[in-house]
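Peer 1:
Residue numbers (this note's numbering): 12 to 217.
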């Protein structure tokens with residue numbers, strides 16, 4: 012195989028273009044999880060923070076939390092918030108559920124990107140557990156309930172801008188992701204896809 016410097020100008024250009032396409036494809040595949048990680052540790056762009064546990068302080072002041080859901084144009088899922096909103100005390104742990112249905116005839120893996128509005132609330136909206144932390148896999152026609160537990164950090168009332176916020180909207184958008192290898196292998200063998208853990212999804216009980 013010729014070294015890059017020994018190639019003709021045309022060959023070098025073609026090799027460079029191919030490399031750029033491969034790198035851009037890899038970056039696009041990793042974009043959603045990387046963006047989620049970056050924003051979750053910084054609160055950038057209205058993205059929520061990650062919490063180790065429940066808040067030790069609960070204030071008397073209440074705040075309205077709204078729940079929004081969307082899917083990418085090429086994502087064959089139906090996705091919605093079970094309850095459109097709830098009112099909780101600042102520092103109190105809330106539990107909300109989203110419902111997703113795979114409308115296609117094949118297993119689909121999905122990753123949820125998330126943020127809150129207004130942006131100033133992002134660093135004070137703390138998630139304890141969330142379906143968005145893991146890849147979700149739904150079988151054809153499967154419907155699941157996916158929980159998210161959270162609280163609004165009491166420090167918000169001391170922030171020069173965020174202290175005036177009386178309502179927060181939590182939004183999730185699902186994007187299709189590459190299918191995990193174990194699920195693909197199960198499909199090739201004619202068996203069921205690898206089961207999800209209880210931390211990933213909660214199946215609807217009949």
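Positions of the beta carbon are idealized from the N, C-alpha and C atoms, including for glycine.
Taking the beta strand (DSSP E) that residue 147 belongs to, which residues open and close that run?
Peer 2: Per DSSP, residue 147 belongs to the beta strand (DSSP E) from 147-149.
Peer 1: Of the residues 111, 105, 165, which one's Cα is nearest the Cα of residue 82?
Peer 2: It is 111 whose Cα lies nearest to the Cα of residue 82.
Peer 1: Is residue 174 closer than 8 Å to residue 151 when the C-beta atoms are compared?
Peer 2: No, these two residues do not count as a Cβ contact at 8 Å.
Peer 1: On the DSSP letters alone, give me the boundaries of the beta strand (DSSP E) that residue 97 sits inside.
Peer 2: Start and end: 96-100.
Peer 1: Considering only C-alpha positions, which residue in the set 149, 75, 140, 67 is nearest to residue 190?
Peer 2: Comparing Cα-Cα distances from residue 190 to each of 149, 75, 140, 67, the minimum goes to 149.
Peer 1: Which term fits residue 178, buried or exposed, when burial requires 16 or more other beta carbons within 10 angstroms of its beta carbon?
Peer 2: Per the 10 Å Cβ criterion, exposed.
Peer 1: Could you work out which residue in 157, 80, 147, 129 is closest to residue 108 when comparing CA atoms only?
Peer 2: Nearest of 157, 80, 147, 129 to residue 108, Cα basis: 157.
Peer 1: Among 61, 122, 74, 142, whose alpha-carbon lies nearest the alpha-carbon of residue 103?
Peer 2: With distances taken between Cα atoms, residue 103 lies closest to 74.
Peer 1: Here's the rule I'm using: 16 or more other beta-carbon atoms within 10 Å means buried, otherwise exposed. How should residue 134 be labelled?
Peer 2: So residue 134 ends up on the buried side.
Peer 1: If you reduce the DSSP assignment to three classes, tell me which class residue 166 lands in.
Peer 2: Looking at residue 166 - three-state DSSP - the assignment turns out to be helix.
Peer 1: Check this for me: beta carbons of residue 76 and residue 99, under 8 Å apart or not?
Peer 2: Result yes, Cβ atoms of residue 76 and residue 99 sit closer than 8 Å.
Peer 1: Indicate whether residue 86 and residue 186 have their beta-carbon atoms separated by less than 8 Å.
Peer 2: Yes, they are a contact pair.
Peer 1: How long is the line joining the alpha carbons of residue 90 and residue 71, rounded to whole angstroms?
Peer 2: Going by the C-alpha atoms only, they are around 33 Å apart.
Peer 1: Taking its Cβ as the centre, do 16 or more other Cβ atoms sit within 10 Å of residue 64, making it buried, or is it exposed?
Peer 2: Residue 64 is exposed by the Cβ-count criterion.
Peer 1: Considering residue 140, what are the terminal residues of the beta strand (DSSP E) in which it resides?
Peer 2: 136-141 is the extent of the beta strand (DSSP E) around residue 140.
Peer 1: Apart from the five residues just before and just after residue 125, which ones in its own chain have a Cβ nearer than 6 Å to its Cβ?
Peer 2: Correct list, in chain order: 143, 183.
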